[in-house]
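Residue numbers (the numbering used here): 64 to 554.
Okay, here's the thing in structure tokens:
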């Protein structure tokens with residue numbers, strides 16, 4: 064009897080552990096041909112409002128590293144990774160015919176662009192008598208186990224969390240196969256490209272980076288083991304998660320989760336193993352809390368589809384926002400004259416990472432203080448973030464803009480209050496804005512309040528070595544407090 068070949072199409076699931084498409088493929092096929100396709104609609108396209116490249120250098124580098132790691136792990140098990148450039152709906156039928164594959168297996172995506180590609184792939188394969196099997200399992204909770212259909216996902220996180228936690232189990236992660244029978248035919252597997260092949264320029268590594276986010280399942284599992292068991296930094300997670308400097312104030316799992324190098328179920332059950340040994344606490348629970356936010360946003364994306372990309376969001380209530388490109392450029396460049404904003408924007412540009420606290424503040428500043436269209440900020444984050452995840456990114460921006468799932472539409476971050484609370488000595492600002500190194504802590508977050516003589520004393524000249532502010536600091540200093548919650552995802 065002839066051996067049957069299956070093609071395993073990797074997308075945002077660059078791992079072997081807890082990979083449902085891989086598990087399904089091994090059940091049906093005698094041989095597997097793992098494939099990754101560089102789709103120009105992702106790797107070379109520009110975003111509609113801003114013209115930023117959809118795939119930025121930090122994310123591209125992470126994915127390329129993840130692919131190299133995936134290739135190595137496949138080879139250890141008797142297989143390999145074939146890489147091709149082109150549209151999946153054209154490449155996969157060609158490969159199916161060339162290698163006489165019976166099926167294509169992949170994990171299902173749910174947003175419009177991905178759905179359009181999936182439908183095109185399915186149609187093209189049917190036309191040549193081949194089948195495609197779509198698997199699921201990207202969430203912490205299996206959708207079939209939820210206490211409501213996806214279309215009735217609660218719009219408010221607290222309600223969602225309470226309903227899910229009450230009765231929904233977390234399934235065990237699927238095992239990592241020890242052997243994967245590769246294609247016996249001679250195969251031209253191709254070469255994994257470099258970032259420069261996509262006309263992208265990666266900034267040099269910055270020693271100030273909170274963490275070097277190296278792509279791949281191996282690095283993701285290493286980080287998981289380090290954070291839970293080696294450093295036991297999880298013991299203080301809830302207390303430190305709003306930190307700004309260093310690698311251990313938060314889990315930093317987000318990039319590995321976004322690209323499928325780490326399974327949320329694997330994280331959950333490793334955490335349970337940690338709790339079994341060391342005891343459960345608010346700190347360990349808060350890791351699960353953040354994973355719940357990730358599921359919540361993915362389900363909202365499935366429920367509302369393209370509405371999460373619309374100006375009015377899921378509320379359908381667009382506001383009068385500007386599309387001023389000059390203001391956007393100053394925000395992107397960290398040239399706003401508000402140090403807490405600028406430091407965060409410099410960090411993300413240099414490293415592809417920004418803390419959750421920083422993300423909330425720069426988003427609020429763009430929408431509420433500059434009055435810019437929130438989608439412009441969301442597009443920049445899509446371009447620049449290493450850990451870009453479509454629903455987490457766009458739903459969070461909706462949330463800040465007041466057109467998402469937040470029951471409080473007037474949520475506003477007082478930048479001075481936030482800076483004073485989370486960077487009281489100005490260490491973070493001075494780390495990323497060395498031009499403010501000599502300004503004392505009591506003035507570093509609002510240097511525009513310094514007199515000319517004071518500026519000279521602190522080697523500062525506003526408008527010369529640091530910009531005049533777009534928004535004067537007095538705007539926030541006159542107001543009391545500021546929103547300090549933001550209990551949302553940043554693993």
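All C-beta atoms, glycine included, are put in the ideal place defined by N, C-alpha and C. Here the structure is a predicted model, which is why all the values come from computation and not from measurement.
Just how far apart, CA to CA, sit residue i and residue j?
i           : j           : result
residue 392 : residue 245 : 49 Å
residue 136 : residue 129 : 10 Å
residue 228 : residue 315 : 24 Å
residue 433 : residue 454 : 24 Å
residue 545 : residue 417 : Caution applies to residue 545, whose pLDDT of 49 falls short of 50 and renders its modelled position unreliable; the model cannot decide the point.
residue 73  : residue 448 : 21 Å
residue 439 : residue 386 : 8 Å
residue 110 : residue 443 : 9 Å
residue 171 : residue 522 : 56 Å
residue 376 : residue 462 : 9 Å
residue 579 : residue 422 : Because the chain in this structure spans residues 64 to 554, residue 579 falls outside the shown range and cannot be described.
residue 549 : residue 504 : With a pLDDT of only 41 at residue 549, under the threshold of 50, the placement of this residue in the model should not be trusted, and no figure is reported.
residue 254 : residue 179 : 27 Å
residue 87  : residue 108 : 32 Å
residue 277 : residue 450 : 11 Å
residue 296 : residue 275 : 17 Å
residue 69  : residue 351 : 35 Å
residue 480 : residue 498 : 22 Å
residue 113 : residue 427 : 19 Å
residue 330 : residue 349 : 13 Å
residue 336 : residue 435 : 45 Å
For residue i, count neighbouring Cβ atoms within 10 angstroms of its own Cβ and tell me buried if that reaches 16, exposed if not.
i           : result
residue 531 : exposed
residue 211 : exposed
residue 401 : buried
residue 478 : buried
residue 404 : buried
residue 554 : Because the pLDDT at residue 554 is just 34, under 50, the model does not fix this residue reliably, and the value given afterwards should be weighed accordingly. With 16 or more other Cβ atoms within 10 Å, it is buried.
residue 201 : buried
residue 380 : exposed
Find the nearest neighbour of residue i within the set the options, judged by alpha-carbon distance.
i           : options               : result
residue 239 : 494, 77, 149 and 145  : 77
residue 105 : 90, 95 and 123        : 123
residue 270 : 309, 289, 297 and 143 : 309
residue 117 : 394, 452, 374 and 134 : 452
residue 261 : 131, 119 and 284      : 119
residue 540 : 363, 389, 489 and 509 : 509
residue 249 : 406, 143 and 526      : 143
residue 354 : 516, 344, 381 and 325 : 325
residue 187 : 155, 178 and 223      : 155
residue 177 : 441, 519, 152 and 158 : 152
residue 343 : 299, 317 and 536      : 299
residue 413 : 69, 396 and 422       : 396
residue 445 : 231, 146, 390 and 415 : 415
residue 223 : 199, 362, 75 and 85   : 362
residue 468 : 481, 378, 389 and 517 : 378
residue 219 : 259, 341, 283 and 359 : 359
residue 518 : 501, 534 and 306      : 501
residue 430 : 241, 382, 364 and 234 : 382
residue 317 : 125, 527, 208 and 95  : 125
At a Cβ threshold of 9 Å, is residue i touching chain D?
i           : result
residue 104 : Structure shown: chain D not included; a single protein chain is present.
Can you tell me where the alpha helix (DSSP H) with residue i in it begins and where it stops?
i          : result
residue 69 : Residue 69 -> not in any alpha helix (DSSP H); beta strand (DSSP E) instead, spanning 68-73.
Check the C-beta distance from residue i over to residue j and give it rounded, since I have them as a contact under 8 Å.
i           : j           : result
residue 384 : residue 437 : 7 Å
residue 319 : residue 357 : So it is not a contact: roughly 12 Å between Cβ atoms.
residue 366 : residue 214 : 6 Å
residue 536 : residue 511 : 5 Å
residue 251 : residue 301 : About 51 Å separates the two Cβ atoms, so there is no contact after all.
residue 150 : residue 102 : 6 Å
residue 279 : residue 133 : 7 Å
residue 127 : residue 97  : Not confirmed; about 16 Å, so no contact.
residue 198 : residue 83  : 4 Å
residue 307 : residue 491 : 4 Å
If you follow the beta strand (DSSP E) that residue i is part of, which residue opens it and which one closes it?
i           : result
residue 219 : That residue, residue 219, is in no beta strand (DSSP E); it is neither H nor E in DSSP.
With hydrogens ignored, establish whether the beta-carbon of residue i is closer than 8 Å to any heavy atom of the ligand FAD.
i          : result
residue 76 : As for the ligand FAD, it is missing from this structure, which has no ligand bound.
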